[in-house]
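In what follows, a single structure is set out as structure tokens and then discussed.
Protein chains in written order, with this note's numbering: chain A, 146 to 542; chain B, 146 to 542.
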């Protein structure tokens, strides 16, 4: 199958008022799919992520990653109301991730913007959503992981809860927002009506725990706990230490269990009552994992993975980020890509995870410099060069 | 803001050939948004998840959760080619998550189905994608977490890597697939053309690590490591033990650091060179965290959270799944909802994380019993009651 680069969202005009991850990544998805995204930043310093590590020659590549494929303008939202309304007039979608209430205070609530553009799709991403007792709290990924239950089930039994090392709540929320925006565009196509969208990091993290939540929802006496790498559905299934790293594998079901014990030369385990059924193995998983680790300990990761995969047992090495980067499969899937930044040259970033045969998303260009497209974008809105220069002098841009 | 329940995807017809999570959750998102989803299951036992724990009175509520809002039919894909083609004729979207190659072997590759329905949008979700050396490996969430780098950055320094306790790779992949399907529907609206979509758990997990990857992509000598709950952007920022549980908080930047040390009555820390700048604090975070924990240790979680939030410092309790369920904010956000199952009555499940003012997604009905809608769905395709009964007798349904 060939994946032709293309623009599924050609003609869709998006304003990005976002900061850091959740808002900006929502619009990066749309931009890589061909939407025309204008990032609107405050004249002083712009998106806070412009200061985030890592940096190359003083420029944040963190910012570059989450803002590739967009154009950028500056605008003081307090002073530049007329300009902002002109931007809104010509937009299909606006995405913001200020704390709830900030846009309303600026006079840019949904009801206001609707007066300017009745079909506008207005998406707000926040830590906790637009209503409820916690709505005004700051929305950081670690807080969402803490309050969603995610951390309570991540880590080893008896030790402290652990945060997933990636900003999964941010990314999940951005993906949910993108889904909502696309559905809203389809609804507008049919009815002409725009709408308001409210997605939170906390809700998105809770949703990602669906299968874990289900355990508790089904039996309120059963509160899911940390199980290290123990797999709830069957045992053995965990991370095991090898001579040169770690491997993950699962032997789910009777056939896999018998096969694994044969491979390990441990058919004696088959006879033991404590490992006699899957339920028994799940119950005694810590002891069982120690037995399995005796077998992995003096083998390499590659050896264990290839022995098990040959027998059609699911197994994988635990790779570090540099190993992922070099992995031949990941290279072929083109999960990393390069853009050319106007100041610092080539920057490598992570690619989208969607392949499509006719309109495959792709990274189109660098993130914008602060205000890089002021002249172009505001010119298209009908402002003259002189007006734009005046705005800049007055600190509006 | 009022969120009116509605159907953004009204009129979109989806076939779900999925198993377990990634495929079924993709179509559950679409179904909760108003698409008409028909789940097609093998006559013997159906979706493998029908066997998954947890169960209530013998029925898997895990299956119920991922297949709510859908109708269900049975079909032996080998024997029922004619029937399958009729389903395809009337579908807009088909979603499958077999191992790559299985659909082709059945004669149901994209090129084949396109002949039946030229506008079909055909989405494949798999562990590793449709090409590359690992494409034939089984796709379990723990394998994707292992091979994406996720586990390598989750856990404490010096201890084993840890899997995020939720099936985040599955959920991320389902959300990516939903995004791709909606974009493809918009493209088809414009051009009449369908297309093929390929999303993998591995790619989706790698994408969720974007900000972590960026550290390595910017400096190939800097491989991200496990940092426990240490926050890379600033310190202190971690999980801290209280008298009755754990709390997460962050003091990012100078102002927050000064405020926190005042609150803790530890202005002496401000004078120390090892904590003199944010960079220094990030470097000495383990030592610093121990200082902070002296303050949290004899306070309750509620105390610490309310003291810090009062001062506008981001802080959150680490909640267990039952605490999340009872949380007043989560209740107000309606993150859990109930359906009525035809056999086992009321089942509580996790709700979608998207709120929309005009077409808010909602859970419409229970998951189907195996073959529950055979008569209705196949009747609508033009088969008579007698034909359908014959198909069932022959084991086609």
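Think of the CB as a built atom: it goes at the ideal place given N, C-alpha and C, for glycine as much as any other residue.
Fair warning: this is a prediction, and the values are worked out from it, not measured in the lab.
If we count the other Cβ atoms within 10 Å of its Cβ and call it buried at 16 or more, is residue 292 of chain B buried or exposed? Per the 10 Å Cβ criterion, buried.
Please determine if the region 464 to 484 of chain B and the region 356 to 370 of chain A are in contact, where contact requires at least 3 C-beta pairs separated by less than 8 Å. As far as the Cβ criterion goes, the region 464 to 484 of chain B touches the region 356 to 370 of chain A, which means the pair count is three or higher.
Within this structure, are the beta carbons of residue 350 of chain B and residue 295 of chain B separated by less than 8 Å? Yes, the pair counts as a contact, with Cβ atoms nearer than the cut-off.
Using 8 Å as the threshold, is the C-beta distance between residue 332 of chain B and residue 153 of chain A below it? It is a contact, given that the beta carbons lie within the stated cut-off.
Distance between residue 380 of chain A and residue 283 of chain A (C-alpha atoms, nearest Å): If you take the alpha carbons of residue 283 of chain A and residue 380 of chain A, they lie about 40 Å apart.
Verify whether the separation of the beta carbon atoms of residue 383 of chain B and residue 390 of chain B is less than 8 Å. In this structure, residue 390 of chain B does not lie closer than 8 Å to residue 383 of chain B by Cβ.
Pairing CB atoms from the region 515 to 525 of chain B with CB atoms from the region 204 to 217 of chain B, are three or more of them under 8 Å? Yes, they touch.
Within chain A, the residues that residue 210 of chain B reaches when beta carbons sit closer than 9 Å: Result: 355, 356, 358, 359 and 362.
So, residue 193 of chain B versus residue 164 of chain B, is the Cβ gap smaller than 8 Å? Going by C-beta atoms, residue 193 of chain B is nearer than 8 Å to residue 164 of chain B.
Within the continuous beta strand (DSSP E) that includes residue 482 of chain A, where are the two ends? First-last of the beta strand (DSSP E) with residue 482 of chain A: 481 to 486.
Per DSSP, residue 391 of chain A is paired with what? Answer is A:386.
Relative to chain A, which residues along the region 163 to 178 of chain B have a C-beta separation below 8 Å, given in chain order? Considering only beta carbons, the part of the region 163 to 178 of chain B lying closer than 8 Å to chain A consists of 166, 170, 174 and 178, in chain order.
When you compare the CB positions of residue 265 of chain A and residue 259 of chain A, do they come within less than 8 Å of one another, or not? Yes, the pair counts as a contact, with Cβ atoms nearer than the cut-off.
DSSP bridge partner residues for residue 268 of chain B (one or two, in chain order): The beta-bridge partner set that DSSP reports for residue 268 of chain B consists of B:240 and B:342.
Residues in its own chain within less than 6 Å of residue 541 of chain B by CB, not counting five upstream and five downstream? Within the same chain, and ignoring the five residues on either side of residue 541 of chain B in sequence, the residues whose Cβ sits closer than 6 Å to its Cβ are 221, 224 and 225.
Quick one: give me the first and last residue of the beta strand (DSSP E) that residue 490 of chain A is part of. It spans 490 to 495 - the beta strand (DSSP E) in which residue 490 of chain A sits, taken as one unbroken run.
Is it a yes or a no for the region 346 to 364 of chain B touching the region 306 to 321 of chain A, going by three-plus beta-carbon pairs under 8 Å? The answer is yes - the region 306 to 321 of chain A touches the region 346 to 364 of chain B, with three or more Cβ pairs under 8 Å.
What are the start and end residues of the alpha helix (DSSP H) that includes residue 408 of chain A? Going by DSSP, residue 408 of chain A is part of the alpha helix (DSSP H) stretching over 399 to 408.
Is the Cβ of residue 348 of chain A closer than 8 Å to any Cβ of chain B? Chain B contact via Cβ: present.
Closer than 8 Å to chain A by CB, residue 386 of chain B: Cβ-Cβ to chain A under 8 Å: yes for residue 386 of chain B.
Check whether chain A comes within 8 Å of residue 469 of chain B, counting only Cβ atoms and requiring the distance to be less than that. The Cβ of residue 469 of chain B sits closer than 8 Å to at least one Cβ of chain A.
Please classify residue 422 of chain B: is it buried, with 16 or more other beta-carbons within 10 angstroms of its beta-carbon, or exposed? Residue 422 of chain B should be labelled exposed.
Starting from residue 285 of chain A, find everything on chain B with Cβ-Cβ shorter than 8 Å and list it in chain order. 395 and 459, listed in chain order.
Using a Cβ-Cβ cut-off of 8 Å, state whether residue 338 of chain B counts as contacting chain A. Residue-level contact by beta carbon holds for residue 338 of chain B and chain A, with a gap shorter than 8 Å.
Taking Cβ-Cβ distances shorter than 8 Å, what residues in chain B pair up with residue 519 of chain A? Per Cβ cutoff of 8 Å: no residues; residue 519 of chain A is ~27 Å from chain B at best.
Let me know the secondary structure DSSP gives residue 462 of chain A once reduced to three states. Three-state DSSP puts residue 462 of chain A in a strand.
Indicate the three-state DSSP secondary structure (helix, strand or coil) for residue 432 of chain B in the structure shown. Of the three classes helix, strand and coil, the one that applies to residue 432 of chain B here is helix, per DSSP.
8 Å Cβ shell around residue 174 of chain B - same chain, five flanking residues per side excluded: Excluding residues within five positions, the ones whose Cβ falls inside 8 Å are 319, 320, 323, 497 and 506.
Own chain residues within Cβ distance below 8 Å of residue 205 of chain B, not counting five before or after: Once the five neighbours on either side are set aside, the close Cβ partners of residue 205 of chain B are 194, 195, 196, 197, 198 and 199.
Taking contact to mean at least 3 C-beta pairs separated by less than 8 Å, is the region 471 to 489 of chain A in contact with the region 178 to 193 of chain A? No contact exists between the region 471 to 489 of chain A and the region 178 to 193 of chain A.
How about residue 327 of chain B and residue 239 of chain B: are their beta carbons less than 8 Å apart? Their beta carbons are not under 8 Å apart, which means residue 327 of chain B does not touch residue 239 of chain B by this criterion.
Cutting at 7 Å between CB atoms, please list the residues of its own chain near residue 495 of chain B, excluding the five before and the five after it. Only residues of its own chain outside the window of five on either side were considered, and among them 210, 480 and 481 have a CB closer than 7 Å to the CB of residue 495 of chain B, listed in chain order.
Sequence-distant residues of its chain with Cβ nearer than 7 Å to residue 433 of chain A (five each side left out): The beta carbon of residue 433 of chain A lies closer than 7 Å to those of 380, 381, 420 and 426 in the same chain, with the five residues before and after it left out.
Cross-chain neighbours of residue 302 of chain A in chain B, by beta carbon under 7 Å: Going along chain B, no residue has its Cβ under 7 Å from residue 302 of chain A, so there is no contact; the nearest lies around 11 Å.
Looking at C-alpha atoms only, which residue of A:429, A:299 and A:248 is the closest neighbour of residue 281 of chain A? Nearest to residue 281 of chain A by C-alpha distance, out of A:429, A:299 and A:248, is A:248.
What residues from the region 426 to 444 of chain B come within 8 Å of chain A, judged by C-beta to C-beta, listed N to C? Residues of the region 426 to 444 of chain B that bring their beta carbon within less than 8 Å of a beta carbon in chain A are absent altogether.
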